[in-house]
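Working notes, structure below.
Number of protein chains: 4
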Amino acid sequence: MEHIKEFSQNDRFAKELGIELLEVSKGYAKAKMDINDFHMNSVNTVHGGAIFSLADFTFAIASNTHGNISVALNVSISFLKAVFQGTLFAEAREISINPKIGTYEIRISNEQDDLIATFQGMAYRKEKTWKQ
Amino acid sequence: MEHIKEFSQNDRFAKELGIELLEVSKGYAKAKMDINDFHMNSVNTVHGGAIFSLADFTFAIASNTHGNISVALNVSISFLKAVFQGTLFAEAREISINPKIGTYEIRISNEQDDLIATFQGMAYRKEKTWKQ
Amino acid sequence: MEHIKEFSQNDRFAKELGIELLEVSKGYAKAKMDINDFHMNSVNTVHGGAIFSLADFTFAIASNTHGNISVALNVSISFLKAVFQGTLFAEAREISINPKIGTYEIRISNEQDDLIATFQGMAYRKEKTWKQ
Amino acid sequence: MEHIKEFSQNDRFAKELGIELLEVSKGYAKAKMDINDFHMNSVNTVHGGAIFSLADFTFAIASNTHGNISVALNVSISFLKAVFQGTLFAEAREISINPKIGTYEIRISNEQDDLIATFQGMAYRKEKTWKQ
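Top to bottom, those sequences are chains A, B, C and D. Under the numbering used here, think of the first position of the first sequence as 3, with each following residue one higher. Under the numbering used here, think of the first position of the second sequence as 3, with each following residue one higher. Under the numbering used here, think of the first position of the third sequence as 3, with each following residue one higher. Under the numbering used here, think of the first position of the fourth sequence as 3, with each following residue one higher.
See below:
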């Protein structure tokens, strides 16, 4: 999965937000984000967009581990607990895959392993593959 | 809605991403985001997290126009068209409100008014109100 | 769209629930369901499953109007108002289509045109077409 | 949880569809549905509305085990595999609860334990409790 390293490094938005890839394997990815002041919303909790982006990064990585280029179709996210500081983790797991569609569940948790949000995403798997 | 100006200005994540509020009224908000290189993902399109964040900003503004503090419970987003450059717009409309729950639809479009993504969100309305 | 009449009549679950197709055109469908006692849940309101099924029927019809066989990938539904009696209507509109994916918004309303629920669905468009 | 037995028996829509409660405990419910011809859609697979309804039944049961009356706010469902015959099972697990909102994940599987669909729901917990 050499292409995944490059894939991850080319994600400028993830870099901007301070998202780091921790682990990757077929259909799986884990990442973290240290919370900074720029992640905050108007009520001084981590912005839903920042939580979404961390999860979305692992979704993109996990769904692109098979060689085909995969793009997000749809995501549903539930926000369960507000976060104020520390580090957030996201872990993406593939729950279903067929030639056209991959489905992933992502859990977002804090350092105490409290569940912060859950994210479910479907990706469309293009026929085009990462450079071979 | 004096509190909305302050609410909007305190959103550091929106500021980081270059999101600007354009219009606001009861249950409604419109914002824009000029696309920069730092919004890009690994396949050189605007990152799903950036699109989500723009929409989420208008969702937060629109759901906080009534005086109560509102927090996001759940969002479903569908990505319809990839974006490479230009300016994105998001427009949030309230489709239902009761004492506890507000529901909003957000359309994300580009300068040509193509529909880029749709976002539907539910917010929980706390009893606590913005300082009066 | 001769195939749509047959498609609609073959839907035994819709028949079981008393769902009737009212209108259909490219990317559009409208249906109704007269509420009976068997649609009720434990708290004497119309069951979420019955509301979903009415909307899903119009989603299936609208997404199959183009000739390709389309199958549901994902749905998000928000329940906005409880219903006790009368007739429910669902109206499906196509908001995006490409060779592989169609996206639809369905509004569920009552006889007073109150919004009861909103449903957004994505369908995968197979290459196989309805018999021509 | 005496009220749950009554709650389950009063669900006329579940009865109409042949849904049976198998197990229930705090925040948990499991049910089954033997597939009949009336569950079928136009392409001879089990209707999305029937799958949704089975899952929704366990969501309602699980979210009402705590004593408060809980009502569905929002559901996202992903359809992973078509089903033609046999028996379907749904299992609801609570993943988060606070005084106002409960969040549940429901897995729908067949007799071979293949994952057929996943369903995530949020419920609003009213202050009113089941008669005590």
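Think of the CB as a built atom: it goes at the ideal place given N, C-alpha and C, for glycine as much as any other residue. Note that the coordinates shown come from a computational prediction; the quantities given were computed from them, not determined experimentally.
Does the CB of residue i have a neighbour CB from chain D at under 8 Å?
{"i": "C/R109", "result": "no"}
{"i": "A/L90", "result": "no"}
{"i": "C/E18", "result": "yes"}
{"i": "C/A31", "result": "no"}
{"i": "C/D39", "result": "yes"}
Apart from the five residues on each side of it in sequence, which residues of its chain come closer than 6 Å, Cβ to Cβ, to residue i?
{"i": "B/E107", "result": "R95, I97, Q122"}
{"i": "B/T105", "result": "I97, S98, M124"}
{"i": "C/E129", "result": "none"}
{"i": "B/E93", "result": "K32, R109"}
{"i": "A/H5", "result": "W132"}
{"i": "D/E25", "result": "K32"}
Taking only beta-carbon atoms, is residue i less than 8 Å away from chain A?
{"i": "D/Q114", "result": "no"}
{"i": "C/Y126", "result": "yes"}
{"i": "B/A52", "result": "yes"}
{"i": "C/I21", "result": "no"}
{"i": "D/T47", "result": "no"}
{"i": "D/L117", "result": "yes"}
{"i": "B/M42", "result": "yes"}
Between the C-alpha atoms of residue i and residue j, what's the straight-line distance to the nearest angstrom?
{"i": "C/V85", "j": "D/A84", "result": "31 Å"}
{"i": "A/K32", "j": "A/A57", "result": "9 Å"}
{"i": "C/S78", "j": "B/M124", "result": "12 Å"}
{"i": "D/T47", "j": "D/S55", "result": "15 Å"}
{"i": "B/Y30", "j": "B/F59", "result": "12 Å"}
{"i": "B/G50", "j": "B/I99", "result": "28 Å"}
{"i": "A/M42", "j": "A/L19", "result": "12 Å"}
{"i": "A/F40", "j": "C/S44", "result": "47 Å"}
{"i": "B/M3", "j": "C/T89", "result": "39 Å"}
{"i": "A/K21", "j": "A/E113", "result": "The sequence as given places Ile at residue 21 of chain A; Lys does not occur at that position. So the alpha carbons of these two residues sit roughly 15 Å apart."}
{"i": "A/K17", "j": "D/A119", "result": "34 Å"}
{"i": "C/N66", "j": "C/S72", "result": "6 Å"}
{"i": "A/F91", "j": "A/D36", "result": "9 Å"}
{"i": "A/A74", "j": "A/I53", "result": "17 Å"}
{"i": "A/K34", "j": "A/S80", "result": "19 Å"}
{"i": "B/H68", "j": "B/F61", "result": "13 Å"}
{"i": "A/R14", "j": "B/K133", "result": "38 Å"}
{"i": "C/S27", "j": "C/N12", "result": "18 Å"}
{"i": "B/N70", "j": "D/K7", "result": "38 Å"}
Under 8 Å Cβ to Cβ from residue i, same chain only, skipping five residues before and after it: list those, please.
{"i": "A/L117", "result": "L82, K83, R109, I110, S111"}
{"i": "A/K102", "result": "Y126, R127"}
{"i": "B/N76", "result": "G123, M124"}
Can you list, in chain order, the residues of its chain whose CB lies under 7 Å from that of residue i, leaving out five sequence neighbours each side?
{"i": "D/S10", "result": "L23, I63"}
{"i": "A/Q87", "result": "I37"}
{"i": "B/D115", "result": "none"}
8 Å is my cut-off, CB to CB: does residue i come that close to chain B?
{"i": "A/E25", "result": "no"}
{"i": "C/Q11", "result": "no"}
{"i": "A/S65", "result": "no"}
{"i": "C/T60", "result": "no"}
Compare the C-beta of residue i with all C-beta atoms of chain C and state if any pair is closer than 8 Å.
{"i": "A/I103", "result": "yes"}
{"i": "B/T131", "result": "no"}
I want to check one thing, is the minimum distance from the CB of residue i to the heavy atoms of the ligand SAM below 7 Å?
{"i": "D/F61", "result": "As far as ligands go, the structure on display features none, and thus does not contain the ligand SAM."}
Complete runs of the beta strand (DSSP E) confined to the region 20-73 of chain B [at least 3 residues]: 21-27, 30-36
Against chain A: residues of the region 69-101 of chain D by CB proximity under 7 Å: S78, S80, L82, I97, S98
Segments of 3+ residues assigned as beta strand (DSSP E) that fall wholly inside the region 75-112 of chain C: 89-99, 103-111
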